[in-house]
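Novice: The structure under discussion is supplied below as structure tokens; questions concerning it will follow.
2 protein chains.
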Amino acid sequence: MPTQHRLDYSLYVITDRSLAKGRSHLDVAKAAIAGGANVIQLRDKSASSLELYREGLRIRELTSRAGALFIMNDRLDLALAVNADGVHLGQDDLPLPAARKLIGAEKIIGVSVENPEQAAVAEAQGASYVAIGPIYEARESKGDAGPPVGPQAIAAIRKATRLPIVAIGGIKAHHIAEVIGAGADSIAVISAVVAAPDIKAAAAALRQRIVAARRAYA
Amino acid sequence: MPTQHRLDYSLYVITDRSLAKGRSHLDVAKAAIAGGANVIQLRDKSASSLELYREGLRIRELTSRAGALFIMNDRLDLALAVNADGVHLGQDDLPLPAARKLIGAEKIIGVSVENPEQAAVAEAQGASYVAIGPIYEARESKGDAGPPVGPQAIAAIRKATRLPIVAIGGIKAHHIAEVIGAGADSIAVISAVVAAPDIKAAAAALRQRIVAARRAYA
């Protein structure tokens with residue numbers, strides 16, 4: 401595990417088999433990393449534990465070779481079993497204090513938050529990053545997402561925590577300058593990359609915009 | 401944790417919210433223990449991690465007070481987070497060696513097996529018990545179960561392992577003498593207890609038959 405404060409979450413790709421047009425989690429991860437993704441999150445609520453474990457081992461090998469981070473969604477046991485870099489916890493997952501106790505101090509724990517108060521609590525309880533969204537309309541990826549919160553939600557959270565902020569939900573290439581400008585450290589995408597006909601090209605285009613936006617706001 | 405060789409798995413009740421007629425996992429567990437259940441397994445593939453965690457904490461408290469064992473289905477992380485006595489792994493769950501490494505030597509790991517060879521492997525890899533089934537027709541509880549294997553499958557596994565054998569699948573009170581006679585150490589039930597109008601009475605009737613069968617075969 402790299403030291404946490406030096407981690408680069410810039411382009412954070414969450415796999416989703418239902419959007420991937422027949423491509424496996426590994427296919428998607430491989431192409432996304434080739435296009436410049438820094439983080440791969442394995443997320444599949446319909447797979448068995450055994451399937452997730454096997455796919456997780458493959459993605460661990462891939463991400464280790466590529467120097468990308470590997471985050472397991474929800475399943476802390478599988479994160480440990482495949483030696484992922486960490487786990488992402490939504491609001492319906494294991495509470496952060498219980499998760500931190502089990503996974504130890506070194507691993508990444510990302511937490512979905514809805515407002516600055518939750519971000520401050522997450523930081524106090526040992527989160528490694530916070531994720532906020534949906535920033536824009538994102539009908540196709542997560543059925544349980546609420547209404548868009550807009551980039552101003554990022555700016556509000558920026559004042560509440562020093563943790564890296566991952567912005568998620570409906571983010572397209574043309575939004576990136578605005579999202580980075582509002583204080584996000586990371587752009588998380590599902591369909592913008594996973595559902596793209598050319599995953600590598602889609603990831604590369606996003607990554608390029610992130611780099612450009614960083615320069616503009618540096 | 402009690403020492404493993406002294407554990408009593410006699411009546412092993414697996415909770416199932418879809419069969420419980422509106423009663424919660426905790427309601428079911430409470431009544432089953434009052435009727436004499438020795439083991440409660442929390443199993444709910446549709447609940448969120450957070451719901452399972454909260455329900456698990458309640459069932460941990462209940463089973464600790466009652467001196468019953470508490471096993472979590474599949475989710476090793478939740479088993480650890482709520483300090484359950486162990487975890488049960490099906491054929492589509494985390495492989496036993498990976499699970500044993502994570503959960504440590506002291507906790508119970510139960511494994512579903514289909515034949516004597518799998519039982520011998522499970523013993524060699526550190527399983528605490530093996531479960532075999534469905535012994536009889538059990539259409540209502542597990543959609544993924546194969547055809548009934550009959551009590552003779554228990555006898556075959558009895559020759560392959562010294563581990564406790566949990567028999568599961570369609571077992572009713574009138575089967576118990578046959579199942580115990582074939583070498584089972586434990587009767588696992590879902591609907592026979594969980595779907596009963598009077599859970600406590602249903603559990604007590606099964607427990608009484610187990611005790612009587614043990615005497616007959618002692």
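As given, the protein sequences belong to chains Z and X, one line each in that order. If you want our numbering, it's the 1-based position in the first sequence plus 400. If you want our numbering, it's the 1-based position in the second sequence plus 400. Positions of the beta carbon are idealized from the N, C-alpha and C atoms, including for glycine.
1. Counting contacts by CB-CB distance shorter than 9 Å, is D493 (chain Z) in contact with chain X?
2. So, does the CB of L502 (chain X) fall closer than 9 Å to a CB anywhere in chain Z?
3. Establish whether the CB of S449 (chain Z) and some CB of chain X are separated by less than 9 Å.
4. Can you tell me whether M401 (chain X) is buried or exposed? The criterion is at least 16 other CB atoms within 10 Å of its CB, across all chains shown.
5. With the cut-off set at 9 Å, would you say A531 (chain X) and A588 (chain X) are in Cβ contact?
6. Can you tell me which of the three DSSP states M401 (chain X) falls into?
7. Quick test of your reading: D477 (chain X) and L457 (chain Z), contact by CB under 8 Å. State the CB separation rounded to the nearest angstrom.
8. From V413 (chain Z) to V521 (chain Z), what does the alpha carbon distance come to, in whole angstroms?
9. DSSP three-state call for G510 (chain X): helix, strand or coil?
10. Please name the residue or residues paired with V521 (chain X) in a DSSP beta bridge.
11. Any C-beta of chain X within less than 8 Å: which residues of the region 464-478 of chain Z qualify?
12. Tell me whether the region 551-562 of chain X and the region 576-585 of chain X touch, counting them as touching only if at least three CB pairs, one residue from each stretch, are closer than 8 Å.
13. Out of curiosity, what's the CA-to-CA distance linking G526 (chain X) and I440 (chain Z)?
14. Distance check for A499 (chain X) and V567 (chain X), CA to CA, integer angstroms please.
15. If contact is defined by three or more beta carbon pairs under 8 Å, each pair taking one atom from either stretch, is the region 458-474 of chain X in contact with the region 425-444 of chain X?
16. Run the CB neighbour count on H574 (chain Z), radius 10 Å, all protein chains shown included, and call it buried at 16 or more, exposed below.
17. Within 10 angstroms of its Cβ, does G422 (chain Z) collect 16 or more other Cβ (buried), or is it exposed?
18. Suppose you measure from the CA of S591 (chain Z) to the CA of S448 (chain X); what does that come to, to the nearest Å?
19. Using the three-state DSSP reduction, which class does G422 (chain X) fall into: helix, strand or coil?
20. G486 (chain X) lies in the beta strand (DSSP E); which residues open and close that run?
21. Where V579 (chain Z) and Y409 (chain Z) are concerned, what is the direct C-alpha to C-alpha distance, given to the nearest angstrom?
22. Let's test the definition: count the other Cβ atoms within 10 Å of the Cβ of K572 (chain Z) and tell me whether it reaches 16, buried, or not, exposed.
23. Rounded to whole angstroms, what's the CA-CA distance from V511 (chain Z) to K501 (chain Z)? Just pull it up for me.
24. Could I get the ranges of all uninterrupted alpha helix (DSSP H) runs contained in the region 536-617 of chain X, with 4 residues as the minimum, in chain order?
25. Using CA atoms only, rank isn't needed, just tell me which of Z:A479, Z:P516 and Z:E517 is closest to G504 (chain Z).
26. Alpha carbons only, please: which of X:A604, X:I509 and X:S446 is nearest the one belonging to R437 (chain X)?
27. Suppose the cutoff is 7 Å on Cβ atoms and the five residues either side in sequence are ignored; what does the same chain contact list for P426 (chain Z) look like?
28. Pick from X:A556, X:E514, X:G486 and X:A602: whose alpha carbon is nearest that of S528 (chain X)?
29. Does D598 (chain Z) pass the burial test, meaning 16 or more other C-beta atoms within 10 Å, or should it be called exposed?
30. Alpha helix (DSSP H) containing A531 (chain Z): first to last residue?
31. Just to confirm, are R609 (chain Z) and I565 (chain Z) a CB contact at a threshold of 9 Å?
32. How about A527 (chain X): is its C-beta nearer than 9 Å to some C-beta of chain Z?
33. Does any residue of chain X bring its CB to less than 9 Å from the CB of A484 (chain Z)?
Specialist: According to the data block:
1. yes
2. yes
3. yes
4. Its pLDDT being 45, under 50, M401 (chain X) is placed unreliably in this model, and the value from its coordinates should be taken loosely. Answer is exposed; the Cβ neighbour count stays below 16.
5. yes
6. Legend: pLDDT at M401 (chain X) = 45, less than 50; position of this residue unreliable, value from coordinates given subsequently. Coil, per DSSP.
7. Their Cβ separation, rounded to whole angstroms, is 17 Å, which puts D477 (chain X) and L457 (chain Z) out of contact at 8 Å.
8. 25 Å
9. strand
10. Paired residues: none, contrary to the question.
11. D474, R475, L476, D477 and L478
12. yes
13. 33 Å
14. Position check: residue 567 (chain X) holds Ala in this sequence, whereas Val was assumed. Distance between the alpha carbons of A567 (chain X) and A499 (chain X): 22 Å.
15. yes
16. exposed
17. exposed
18. 23 Å
19. coil
20. G486 to L489
21. 14 Å
22. exposed
23. 15 Å
24. 552-560, 576-581, 591-594 and 599-617
25. Z:A479
26. In the sequence as displayed, the identity of residue 437 (chain X) is Ala instead of Arg. Of the candidates X:A604, X:I509 and X:S446, the one whose C-alpha sits nearest the C-alpha of A437 (chain X) is X:A604.
27. In the sequence on display, residue 426 (chain Z) carries Leu and not Pro. So the qualifying residues of the chain are E455, R458, I459 and L462.
28. X:G486
29. exposed
30. Element bounds for A531 (chain Z): not the alpha helix (DSSP H) but the beta strand (DSSP E), Y529 to I532.
31. no
32. no
33. no
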